[in-house]
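The structure appears right after this line, and notes come after that.
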Amino acid sequence: MLLFEAATELIRGLAAKEPVLVMLEDAHWADEMSLRLMAFLARRIRSSGILIVLTIRDEEMASAPVLRQVVDELARESHFVQLALTPLSRAGTTALVRSLVSASTAGADARLDAEIWRASAGNPFLVVETIRAIQEGVAPLTPATLPLPERVRRVVAGRLERLSDRGRHLASVAAVVGREFEFALLQRAAGLDERHAAEGVEELVRRRVLQGFGEQLDFTHEWIREIVYNELVHPRRKRLHVLVAKALEDLHAADPERHYAALAGHYRAGEVWEKALVCLRQAGARAMRLSAYRDAVTCFEQALEAVPRLPKTRETLETAVDVRFDLRNALLPLAEFDRVRGYLRDAEALVRSLDDRRRLGWLSVYVSHDSRLAGSSTEAAERAAAAQTLGDALGDSSLRIAAEFQLGAARFSLGDHRRAVDVFRRIARSLDDDLNRRHVGYPEFPAVVARAWLAQSLAELGEFDEGI
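Spelled out as structure tokens, the structure:
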């Protein structure tokens, strides 16, 4: 107490000459004696020209009971003011960035301000440390390579170390799940009952690791998720990805379609290649139905990368062919014909080694289409006729109609419009509801494509009334 009185008299003496500011930064790290001194001083400074400022991180209050007690006591004082610092606005963030970076450097990339705003979400500490890391040469001054500042990593890592074992486990699982997830998914993947999972999530929210929006959860910042994820050793990371995938399957067993892409990502990261391949193809098929062809290409490319990781069986080789056909169908609307030809060449070698007549038929359909686009309409007609023969022999109506489409298109390109009309009339008559929903080499409905070709062929013959 004598020490506190002496310190108070010293500060009062200084304040008698001029105002005094006493600041204790990061008060959550302070020892009990320092905190008690601040409280003692604060109760004795009325009208004395002394301002005491303590800076505190809310997320650290839970592990600083003395600080919590001191703040509660001071809150009863009339001259106590508590200010919660909100993130900077976008304009404020831009102003801070420009004050820290030289004008010549800042002008090197006009997108830098926006990228730092996105990465920092207006947190001044993150802004300052990001700019410092750039200036120290940790990464080039470009938006695409904004570094994770080392001081930020240390601060976040320190916060994570003070979590309970359950909290750390939940944070690890959440980092594997990704951004914006359901509490039910986190609970199931973590293998906890509802009460223990809820208590663990409450700790993570209190520590500002997670934030909640109803039943939805998310990390308070992407860098926190990145740090947690990168600290996981590879075997544990793989295992957690598999657990998350299984939890997703269980939760959405009745409606898995919207989750194929997420399932594929987790099974791929977990190196469960057979399931990853299945989910990637399903995700690609869904993207095709939504006309998201670029997304479909990405899914099918990743599926093709998974094929060599499976046992080299006939079934695997058949899948290797089918995925290349998937890629052909996704690349066609994007007009990436060179890539289509490359995948078809690879598929042809595999099909002939398998001696697979049905896949050979589909290959002939696709090569016929490509040959016609390349100006080789005679070859296109020959390939289509061969595919039609195989379709008839196999009793495969989808293959037969797909072959007839290409045969009719080849006839049209060769100027044989009358025979093209005959082909497309036959197709239009033969399409029932089931066949009209099947894939026949075009992303559109077969009935629409057949009538479009028929109208065009009739127009070439001058038979406009029927064409209309």
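Numbering (the numbering used here), first residue to last: 6 to 473.
The beta carbon of each residue, even a glycine, is placed where N, CA and C say it ideally should be.
These figures come from a predicted structure and were not determined experimentally.
(request) My understanding is that residue 101 touches residue 93, with C-beta atoms under 8 Å, so please give their C-beta distance in whole angstroms. (result) 7 Å
(message) So, at 7 Å on beta carbons, what are the nonlocal neighbours of residue 1 in its own chain, with the 5 sequence-adjacent residues on each side left out?
(response) Coverage of the chain is limited to positions 6 through 473, which leaves residue 1 absent and any answer about it impossible.
(request) Report the partner residues of residue 66 according to the DSSP bridge assignment. (result) According to DSSP, which records beta bridges pairwise, residue 66 is partnered with nothing at all.
(request) Drop a sphere of 10 angstroms on the beta-carbon of residue 408, count the other beta-carbons inside from all chains shown, and report buried for 16 or more, exposed for fewer. (result) buried
(request) Have a look at the DSSP bridge pairing and note the partners of residue 223. (result) In DSSP, residue 223 forms a bridge with 216.
(request) Can you tell me which of 410, 209, 420 and 362 puts its alpha carbon nearest to the alpha carbon of residue 429? (result) The shortest C-alpha separation from residue 429 is found at 410.
(request) Below 8 Å on the Cβ atoms is my guess for residue 312 versus residue 282; work out the distance and round it to an integer in Å. (result) 7 Å
(message) Here's a check: name, in chain order, each residue in its chain whose Cβ is nearer than 7 Å to the Cβ of residue 158, leaving out the five neighbours to either side.
(response) Excluding residues within five positions, the ones whose Cβ falls inside 7 Å are 232.
(message) Can you give me the C-alpha to C-alpha distance between residue 468 and residue 341, rounded to a whole angstrom?
(response) 35 Å
(message) Just to confirm my understanding: we take residue 417, look at its own chain, exclude 5 residues before and 5 after, and list those with CB closer than 8 Å. What are they?
(response) 425, 458, 461, 462 and 465
(request) Could you please give the first and the last residue of the uninterrupted beta strand (DSSP E) stretch that includes residue 27? (result) Here the beta strand (DSSP E) through residue 27 covers 25 to 29.
(request) Work out the CA separation of residue 177 and residue 237 for me, nearest whole Å. (result) Answer to the nearest angstrom: the Cα atoms are 7 Å apart.
(request) Return the chain-ordered list of same chain residues with a C-beta closer than 6 Å to the C-beta of residue 385, the five sequence neighbours on each side being excluded. (result) Answer for residue 385: 373, 376, 377 and 415, listed in chain order.
(request) Give the range of the beta strand (DSSP E) segment to which residue 58 is assigned. (result) 55 to 59
(request) Decide if the stretch 274 to 291 is in contact with the stretch 203 to 214; the criterion is three or more beta carbon pairs, one per stretch, under 8 Å apart. (result) no
(message) I'd like to confirm the pairing. Which residues does DSSP put opposite residue 187 in its beta bridges?
(response) 221
(request) Please classify residue 325: does DSSP put it in a helix, a strand, or coil? (result) helix
(request) Would you kindly check if the distance between the Cβ of residue 60 and the Cβ of residue 36 is under 9 Å? (result) no
(message) Within the continuous alpha helix (DSSP H) that includes residue 412, where are the two ends?
(response) Per DSSP, the continuous alpha helix (DSSP H) segment holding residue 412 begins and ends at 402 to 418.
(message) Measuring only the C-alpha atoms, how far is residue 197 from residue 7?
(response) 52 Å
(request) Take residue 195 and list the residues in its own chain whose beta-carbon comes closer than 7 Å to its own, dropping the five residues that flank it on each side. (result) 174, 175, 178 and 202
(request) Specify, as a first and last residue, the run of the alpha helix (DSSP H) that residue 317 falls within. (result) Per DSSP, residue 317 lies in no alpha helix (DSSP H) segment and is marked neither H nor E.
(message) Assuming residue 493 is part of the alpha helix (DSSP H), what are its boundary residues?
(response) As displayed, the chain neither begins before 6 nor continues past 473, which places residue 493 out of reach and without an answer.
(request) May I ask which residues mark the beginning and end of the alpha helix (DSSP H) holding residue 244? (result) 239 to 256
(message) For residue 33, which residues in the same chain have their Cβ closer than 8 Å to its Cβ, ignoring the five residues on either side in sequence?
(response) 61, 62, 65, 66, 68, 69 and 72
(message) Between the alpha carbons of residue 226 and residue 180, how many angstroms are there, rounded?
(response) If I take the Cα positions, the gap works out to 11 Å.
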